[in-house]
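Undergrad: Provided herewith is a single structure, encoded as structure tokens, for subsequent inquiry.
Numbering (this note's numbering), first residue to last: 21 to 250.
Here is the structure:
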């Protein structure tokens, strides 16, 4: 049969209604709990390891249960600032690990289930389908990452932690999520199956977001940018 060509109407919504549906579907499948647990797990590792490495001469058990040992105000401020950096890096790692997969599967799953053609027969334009699904997955990841925001705010209690640094770090994490979403969507649209989409999405993300962990490329990644901000 002949394929119907849908022309993009400038008056069409830029994103469309699929974003809300994607959020609802992910929550119904239990993905919200898994994503938040991943974020909290990385934050817990940072919460445990950072004080142990910062105070190597203090017994780890006494470090967390309290020993009566006091540190100077300047040391507390220095520790709080570095602790905030590690927590932001943990959130950035969680976003970089989750976003490409969630974005890629939004389109690739439709191909795997042979439902994409059915979706293309709806009044939704191609732009509404792709950007709507991407917006839903992006909002889902940002909502999961927001679980760590109260911990970041608590870091200001140490003193010396610049609130502008925290805000800039959160903005960097959000922009990285947008970039990783775009990478995942492009990978899903350019590959025929789910496996290929995931491999391509994470491969490109490793190069663009993590610099493939190869110097000097890693110096131009969001992880390095957080260090420069700090």
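By construction, the Cβ of each residue, glycine as well, lies at the ideal position given by its N, Cα and C atoms.
Between residue 116 and residue 200, which are expected to be in contact by the criterion C-beta below 8 Å, what is the C-beta distance as a whole number of angstroms?
TA: Contact holds; Cβ gap of about 6 Å.
Undergrad: So, using beta-carbon positions, are residue 114 and residue 155 closer together than 9 Å?
TA: It is not a contact, given that the beta carbons lie outside the stated cut-off.
Undergrad: Please determine if the region 222-237 and the region 138-150 are in contact, where contact requires at least 3 C-beta pairs separated by less than 8 Å.
TA: Short answer: they don't touch.
Undergrad: Report the three-state DSSP secondary structure of residue 220 (helix, strand or coil).
TA: In the structure shown, residue 220 sits in a helix (DSSP, three-state: H, G or I).
Undergrad: For residue 192 versus residue 239, is the C-beta spacing smaller than 9 Å?
TA: The answer is no: Cβ separation not under 9 Å.
Undergrad: So what does DSSP say about residue 146, is it helix, strand or coil?
TA: The answer is helix: DSSP assigns residue 146 an H, G or I state.
Undergrad: Can you give the Cα-Cα distance for residue 198 and residue 158, rounded to whole angstroms?
TA: Approximately 7 Å between the Cα atoms of the pair.
Undergrad: Whole angstroms are fine: how far does the CA of residue 127 sit from the CA of residue 55?
TA: The alpha-carbon atoms of residue 55 and residue 127 are separated by roughly 19 Å.
Undergrad: Only counting the same chain, and skipping five residues up and downstream in sequence, which positions put a Cβ closer than 7 Å to that of residue 183?
TA: Contacts found: 176.
Undergrad: Under DSSP, the alpha helix (DSSP H) around residue 167 begins and ends at which residues?
TA: Here residue 167 belongs to no alpha helix (DSSP H), and DSSP marks it neither H nor E.
Undergrad: Return the residue from the list 171, 101, 153, 100 that minimises the CA-CA distance to residue 111.
TA: It is 171.
Undergrad: Am I right that residue 149 and residue 38 are in contact with their C-beta atoms under 8 Å? What's the rounded C-beta distance?
TA: The pair is a contact, with the Cβ atoms about 6 Å apart (cut-off 8 Å).
Undergrad: Give the single residue among 237, 120, 139 whose Cα lies nearest to the Cα of residue 215.
TA: Closest option to residue 215, Cα to Cα, is 120.
Undergrad: Starting from the C-beta of residue 108, find all residues in its chain whose C-beta is less than 6 Å away, skip the five residues before and the five after it, and write them out in chain order.
TA: Cβ neighbours of residue 108 beyond the five flanking positions: 189, 246.
Undergrad: Terminal residues of the continuous alpha helix (DSSP H) containing residue 244?
TA: First-last of the alpha helix (DSSP H) with residue 244: 242-249.
Undergrad: My parser needs the beta strand (DSSP E) runs of 3 or more residues fully inside the region 170-202; what are they?
TA: Here no run is fully enclosed.
Undergrad: Is it the case that the Cβ atoms of residue 242 and residue 229 are separated by a distance below 9 Å?
TA: In contact: residue 242 and residue 229 (Cβ atoms closer than 9 Å).
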